[in-house]
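In the UniProt record's numbering, the protein residues as written are 1 to 247.
Glycine is no exception: its CB is placed at the ideal position from the N, C-alpha and C atoms.
As the structure is a prediction and not an experimental result, all values here were calculated from the model.
The next block holds one structure in the form of structure tokens; read it before the comments.
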Ligand SMILES: Nc1ncnc2c1ncn2[C@@H]1O[C@H](COP(=O)(O)OP(=O)(O)OP(=O)(O)O)[C@@H](O)[C@H]1O
């Protein structure tokens, strides 16, 4: 059996006010799998993915990524790990007044020295790479438009392109389609799945929409009150199980 790319053991998170958001979570993720994380509001989905890149400090447990424990990583080591984990947020987090291509190039900043990055002195090679990535999410013709001129769905595809520019091993998306209409949601999920499949990237996607989780995922994880209560194929998520997760 191949080694998991990410191995989570006994992960817990208790917020300072005593809220137990994650309780002894055990999960393994394989290279290239596309995983949706579902569950009711407050179940712990965001906390889970935020612990993985340490936007939230875990209270205990281990998260082994490429033989290193993310929970213990500090300073440069943590930055190196974060480089390999692309993030996509609900609100896109784009620089709205900047061109689409600049937003994608920002994904690459982790690889540049800070003075160059700050001045926007990107190499010809990185600009060509960024255009290539935009092509892959169907936005080649939008490269030099301002990000705020794009539709919500297109902006989220720029979010995907920016994550791809990091050349990540894992992409994590926190409710990437929560504010989009059904057609744009479908497009965002389709492009995200396509680029992850093409590059063998593991995707962890927090979703509120069970139908999208079933349509696009290789595997669905159901979270409830900080516990994993379902972990299986979309075809195994029947109505009874969905009810168990959400009620
Ligand atoms: N900074 C915080 N301080 C205290 N409690 C928090 C904090 N962030 C989250 N929580 C609590 O932790 C629990 C899990 O929250 P989390 O945001 O991870 O859930 P979620 O499943 O992502 O919910 P949603 O789908 O609404 O985003 C909830 O009870 C929430 O109120």
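*Hey, residue 278 and residue 104 are a contact pair by Cβ (cut 8 Å); roughly how many whole angstroms apart?*
This structure gives no information on residue 278, because the portion of the chain shown stretches from 1 to 247.
*Would you check if the distance between the CB atom of residue 137 and the CB atom of residue 147 is smaller than 8 Å?*
no
*Beta carbon of residue 45: closer than 7 Å to some heavy atom of ligand 1?*
yes
*asked:* If contact is defined by three or more beta carbon pairs under 8 Å, each pair taking one atom from either stretch, is the region 196-214 in contact with the region 159-179?
replied: yes
*Count the other CB atoms within 10 Å of the CB of residue 185; is the residue buried (16 or more) or exposed (fewer)?*
buried
*Does at least one heavy atom of ligand 1 sit under 7 Å from the Cβ of residue 246?*
no
*Taking just the CA atoms, how far does residue 128 sit from residue 36?*
32 Å
*Do you know how far the Cα of residue 16 is from the Cα of residue 296?*
In the structure as shown, the chain begins at 1 and stops at 247. Residue 296 is therefore absent and cannot be evaluated.
*Quick one: Cα of residue 87 to Cα of residue 220, how far?*
19 Å
*Please report how far the alpha carbon of residue 4 lies from the alpha carbon of residue 230, in whole angstroms.*
19 Å
_Quick check: residue 39 and residue 45, are their CB atoms within less than 8 Å of each other?_
yes
*Backbone CA spacing between residue 141 and residue 101 [nearest angstrom]*: 11 Å
*May I ask which residues mark the beginning and end of the alpha helix (DSSP H) holding residue 193?*
182-199
*Quick one: measure Cβ to Cβ for residue 163 and residue 171, integer angstroms, because I've assumed they're closer than 8 Å.*
5 Å
_To the nearest angstrom, how far is the alpha carbon of residue 56 from that of residue 43?_
15 Å
_What would DSSP say about residue 84, mapped onto helix, strand or coil?_
coil
*Take residue 107 as the anchor and find which of 58, 167, 27 has the nearest alpha-carbon.*
167
_Cα-Cα separation, residue 241 to residue 228_ = 12 Å
*Can we count residue 123 as close to ligand 1, meaning its CB is less than 7 Å from some heavy atom?*
no
*Keeping to the same chain, check which residues put their C-beta closer than 7 Å to that of residue 23; ignore five residues upstream and five downstream.*
12, 226, 227
*asked:* Measuring only the C-alpha atoms, how far is residue 61 from residue 135?
replied: 40 Å
*Taking the DSSP output, what are the residues bridged to residue 30?*
Residue 30 is not bridged to any residue.
*What is the residue span of the alpha helix (DSSP H) that residue 135 lies within?*
124-136
*By Cβ distance, which residues of its chain are closer than 7 Å to residue 244, with the 5 residues on each side in sequence left out?*
229
*asked:* For a test of the three-state rule: what should DSSP assign to residue 115, helix, strand or coil?
replied: Unreliable positioning characterises residue 115 in this predicted model, as indicated by a pLDDT of 48, which lies under 50. A coordinate reading is not provided.
_One question on the structure: do residue 68 and residue 81 come within less than 8 Å of each other, judged by their Cβ atoms?_
yes
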